[in-house]
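Protein chains in written order, with UniProt numbering: chain V, 1 to 322; chain X, 1 to 385.
Positions of the beta carbon are idealized from the N, C-alpha and C atoms, including for glycine.
Here the structure is a predicted model, which is why all the values come from computation and not from measurement.
Structure record follows, encoded as structure tokens.
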Amino acid sequence: MKKSRILLCLLFMSSTLMFGQGARNIKINEVLTNNTGNLQDEFGRRNAWVELANTSFSSYNVRGMYITTDRRVLDKNLTIPQRVAMMSIIPNGDARTVMSAQDHLVFFLNSNPANGTLHLSAKADPQDVVWIALYDGNAIDIIDSVSVPVIEENMSYAREKDGASVWRVKASDEVTPGIKNLIKTDETKIARLKREDPHGLGITVLSMGIVFSCLALLYVFFRILGLFMAHKQAIKKAGRIQPIKAAVKTGEKLAETGHKTKVILKDGLQTAGIDKEIYMAVISMALKQYEDDVHDIESNVITIKPHHTNWTLPHPDEPVIS
Amino acid sequence: MGFTDFIISNFNEFLSYTGFANAETGNLIMIVVGIFFIWLAIKKDFEPLLLVPIGLGIILGNIPFRADAGLEIGLYEDNSVLNIFYQGVRQGWYPPLVFLGIGAMTDFSALISNPKLILIGAAAQFGIFGAYMFALALGFEPNQAAGIAIIGGADGPTAIFLSSKLCPNLMGAIAVCAYSYMALVPVIQPPLMRLLTTKKERVIHMKPARRVSQTERILFPVIGLLLTTFIVPSGLPLLGMLFFGNLLKESGKTTRLAKTAGSALNDVIVVLLGLTVGCSTQASEFLTMKTIFIFAVGAMAFIIASATGVLFVKFMNLFLPAHKKINPLIGNAGVSAVPMSARISNNLGLEYDRHNFLLMHAMGPNVAGVIGSAVAAGTLLGFLS
């Protein structure tokens, strides 16, 4: 019963952790509050926007999560309906809310949710510091938040690169809605390797070093463990031979002395501590021996009966000597 | 249109779908190669468990058909049955499952009882990196060179895993090459071993291995997993499954799971892996100069790996006291190819001294080679992916 309870608790804890882990990979990645010449929505309007990024390597559906710019939700005494009233929900039923690995999704703020899934009513005043938070579907757990300073129009406030903890103000020509914040345009890893290590010597030395270190660590560990185990076995063996034997002997001696004392106390000193039952057993054994020693009358003829086994049986091809 | 015209036109269309109408010389050559593999496996007993599925897979992958018919039957056509099977290779989840089986079948006691044998498994991995340099010299891109060089690890699943990640278009040729050379280990290794050892060295008797406790056998997969994957996390799929399988075996409480992982599950995966790898050797991809180069680099990788294993033992012997010397004939077993290369060590040892049984000693570097090649694959994946 206890075991099954522990197991259930562990399962519950691991499932909770896994749930949190999935949601926590969704980050607020870039925010633009003063939009006059940047991204347009499908109706040609330019609203403030917030970009979410899935920093994991698995897809995650952000439906049912909340985005808010209202700091009052931080009050822990609020009821859930009160909190929900201050937040904008990301609606259900739109495939675009499934963010694949390393994907980005832009939501328009100051908009009308009736215009589409990506339109939220959360307010973002370009003339004021805007606090934006992403809440999990329970409207209690805060997944991510950021305070966006007042910045010039068409400039954004973004993480240095996707998921990084450092934020910076990006110039209007650097704003990257819906794509990675840091786009690498330098040569690929393979091209660099080809240029810097054309003969493969560097990779060979490094890789052999790594393989050797890994296996050498295993060697060191099991060498030490082997010595320890051998030492432990030796101690165990010595213990089995010496102290245990002595302890058993002492125990036996103690039990014998105790028994003798008990007999003397019960039947007197003349018994010398020997139990009456022992006398009876000795007499019985003597009688039995006497009875057994009474021989039959012998015929004085010695008879040896042949006894054959598979080893002593004559071979069928051999001539029978009789 | 009359009935006769209808029959004739449909019959002509049917003919255009047949293999005879779509056959190319390349397909026919590959079918012959497939038949040759099956013959090798059945008649010559060369790795039959692998070469039979691969051989039939080669035939299956080279049956000509009209590619524009949209029949969804080809290996590279989305949603075809073969394509679904092929995803296990393409996405790299067959090799870790094979490693699970290997872990569940492998007894690491020989290694634990004499841990210095682990280092032989590490040294033999030089075959991979020597071949990497050789492949670069032949003009392969670094990712392709790494995919080809892993043949030197003499470990089919590792070769398939790495090549499917780094150079999927060469994977078929690499896998076939790896398994072919593994089947040829009894031909490649003995002459090298004789060449690199003296008569005196070949008759070195090694001390019998000590008895390994269950605690040590349980600790090995746990510690092995932690030490190797903390250093090379990119080897996690292979190493994780290898040590997981071994823990199932050694825990003493999950015998049923270990039995399934090492028998039924492993057999299913080997069948699918062999078949789809064979299918991926389509003539257009396989019959190129690159394939010849791959076979050349593969041979080089095997030779370097076996030689470095033997030479490393000789090097170790320089520092070991007389009563602890290692027989260099077990050095070749560092190339993995479990248990074939260990058996070769044993056979060669018996050839020179009929009382010198090296099998259990050779199993040490042999299983260390499996770990070493998985670590090497993880390292290359980390550098080149």
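Alpha-carbon spacing of residue i relative to residue j, whole angstroms
| i | j | result |
| --- | --- | --- |
| X/Val203 | X/Pro365 | 18 Å |
| X/Ala67 | X/Ser280 | 15 Å |
| V/Asp128 | V/Thr185 | 35 Å |
| X/Glu47 | X/Leu119 | 27 Å |
| V/Asn29 | X/Met182 | 51 Å |
| X/Ser234 | V/Ile203 | 16 Å |
| X/Val335 | X/Tyr179 | 13 Å |
| V/Trp167 | X/Gly26 | 58 Å |
| X/Gly2 | X/Phe11 | 14 Å |
| X/Ser213 | X/Met316 | 27 Å |
| V/Ile321 | V/Ile283 | Note that V/Ile321 scores a pLDDT of 46, beneath 50, so its modelled location is shaky and nothing firm can be said. |
| V/His259 | V/Ala238 | 32 Å |
| V/Ala234 | X/Arg210 | 13 Å |
| X/Phe312 | X/Ala123 | 7 Å |
| V/Asn142 | X/Leu219 | With the sequence shown as reference, residue 142 of chain V is identified as Ile, and Asn is not the correct amino acid for it. Using only the alpha carbons, I get a separation of about 41 Å. |
| V/Gln270 | V/Glu277 | 15 Å |
| V/Thr16 | V/Gly22 | Here the model assigns V/Thr16 a pLDDT of 49, short of 50, so the residue's position is not dependable and the matter cannot be decided. |
| X/Thr18 | X/Phe65 | 6 Å |
| X/Gly264 | V/Phe107 | Before going on, a small fix: residue 264 of chain X reads as Ala here, not Gly. Each residue's Cα considered, the two are about 51 Å apart. |
| V/Met86 | V/Asn34 | 22 Å |
| V/Asn115 | V/Arg45 | 11 Å |
| V/Gln82 | V/Ser172 | 37 Å |
| X/Phe140 | X/His355 | 47 Å |
| V/Phe19 | V/Leu217 | Residue confidence is low: V/Phe19 scores 48 on pLDDT, short of 50, so the model does not pin down where it sits. Its coordinate-derived value is still stated next. Those two C-alpha atoms are separated by around 36 Å. |
| V/Glu42 | X/Ile160 | 47 Å |
| X/Ser241 | X/Met340 | It is Met, not Ser, that sits at residue 241 of chain X in the sequence shown. Distance between the alpha carbons of X/Met241 and X/Met340 is about 22 Å. |
| X/Pro186 | X/Ile344 | 7 Å |
| X/Pro115 | V/Gly64 | 55 Å |
| X/Trp93 | X/Val338 | 21 Å |
| X/Leu248 | X/Gly103 | 8 Å |
| X/Leu184 | X/Leu236 | 29 Å |
| X/Asn22 | X/Arg90 | 27 Å |
Amino acids of chain V, ordered along the chain, whose beta-carbon sits closer than 9 Å to that of residue i
| i | result |
| --- | --- |
| X/Glu216 | Phe222, Leu225, Gly226 and Met229 |
| X/Ile112 | Phe222, Leu225 and Gly226 |
| X/Thr228 | Cys214, Leu215, Leu217 and Leu218 |
| X/Met133 | His199, Gly200, Leu201, Ile203 and Thr204 |
Interface partners of residue i on chain V, CB under 8 Å
| i | result |
| --- | --- |
| X/Thr255 | Within chain V, no residue comes near X/Thr255; the closest Cβ sits about 21 Å away, beyond 8 Å. |
| X/Leu219 | Leu225 |
| X/Pro208 | Simply none; closest approach about 15 Å. |
8 Å Cβ cut-off: residues of chain X touching residue i
| i | result |
| --- | --- |
| residue 324 of chain V | This structure cannot settle anything about residue 324 of chain V, because the visible part of chain V is limited to 1 through 322. |
Rounded distance between the beta-carbons of residue j and residue i, thought under 8 Å
| i | j | result |
| --- | --- | --- |
| V/Cys214 | X/Ile128 | Not confirmed; about 14 Å, so no contact. |
| X/Leu358 | X/Ile330 | 6 Å |
| X/Gly147 | X/Leu166 | 4 Å |
| V/Ser111 | V/Leu105 | Actually they are not in contact, since the Cβ atoms of V/Ser111 and V/Leu105 sit about 15 Å apart, beyond 8 Å. |
| X/Leu348 | X/Pro142 | Not a contact, Cβ separation roughly 37 Å. |
| X/Ile63 | X/Gly34 | The Cβ separation is near 10 Å, so there is no contact. |
| X/Gly88 | X/Leu238 | X/Gly88 to X/Leu238, Cβ: 15 Å. No contact. |
| V/Asn54 | V/Gln102 | 6 Å |
| V/Leu109 | V/Trp49 | 6 Å |
| X/Val268 | X/Leu138 | The pair is not a contact, with the Cβ atoms about 37 Å apart (cut-off 8 Å). |
| X/Thr379 | V/Ile132 | X/Thr379 to V/Ile132, Cβ: 42 Å. No contact. |
| X/Ile150 | X/Leu136 | Not quite, the Cβ-Cβ distance comes to about 14 Å (not below 8 Å), so this is no contact. |
| X/Asn332 | X/Gly309 | 5 Å |
Partner residues on chain X for residue i, Cβ-Cβ distance less than 7 Å
| i | result |
| --- | --- |
| V/Ser213 | Ile231 |
Chain V residues whose Cβ lies nearer than 7 Å to that of residue i
| i | result |
| --- | --- |
| X/Ser213 | Met229 |
| X/Ile223 | Phe221 |
| X/Thr379 | Ser207, Ile210 and Val211 |
| X/Pro190 | The contacting residues do not exist; X/Pro190 stays about 26 Å from chain V at best. |
Neighbouring residues, chain X, relative to residue i (Cβ below 9 Å)
| i | result |
| --- | --- |
| V/Lys194 | Leu136, Glu141 and Pro142 |
| V/Ala216 | Ile118, Leu119 and Ala122 |
| V/Gly239 | None at all; the shortest Cβ gap to chain X is about 16 Å. |
ask   = In chain order, which alpha helix (DSSP H) runs of at least 4 residues are fully inside the segment 209-251 of chain X?
value = 214-231 and 236-250
task = Mind listing, in chain order, the continuous beta strand (DSSP E) runs of no fewer than 3 residues lying wholly within the segment 115-141 of chain V?
result = 130-135
key: Contact residues within the segment 95-110 of chain V, judged by C-beta distance below 9 Å to chain X   = none
key: Cβ-based contacts, 8 Å cut-off: residues of the segment 275-294 of chain V near chain X   = none
ask   = Taking the runs of the alpha helix (DSSP H) that are 4 residues or longer, which of them lie wholly in the segment 156-187 of chain X?
value = 156-166 and 171-183
request  = For the segment 319-345 of chain X, list the alpha helix (DSSP H) runs that are entirely contained and at least 4 residues long, ordered along the chain.
outcome  = none
task = Give, in chain order, every residue of the segment 358-377 of chain X whose Cβ lies closer than 8 Å to some Cβ of chain V.
result = Ala368, Ile371, Gly372, Val375 and Ala376
task = Can you check the segment 31-62 of chain V for any alpha helix (DSSP H) of at least 4 residues that lies completely inside it and give the ranges in chain order?
result = none
Chain V contacts from the segment 117-128 of chain X (Cβ-Cβ distance under 7 Å) = Ile118, Leu119, Gly121, Ala122, Gln125 and Phe126
Near-chain X residues of the segment 55-77 of chain V - C-beta to any C-beta below 8 Å = none
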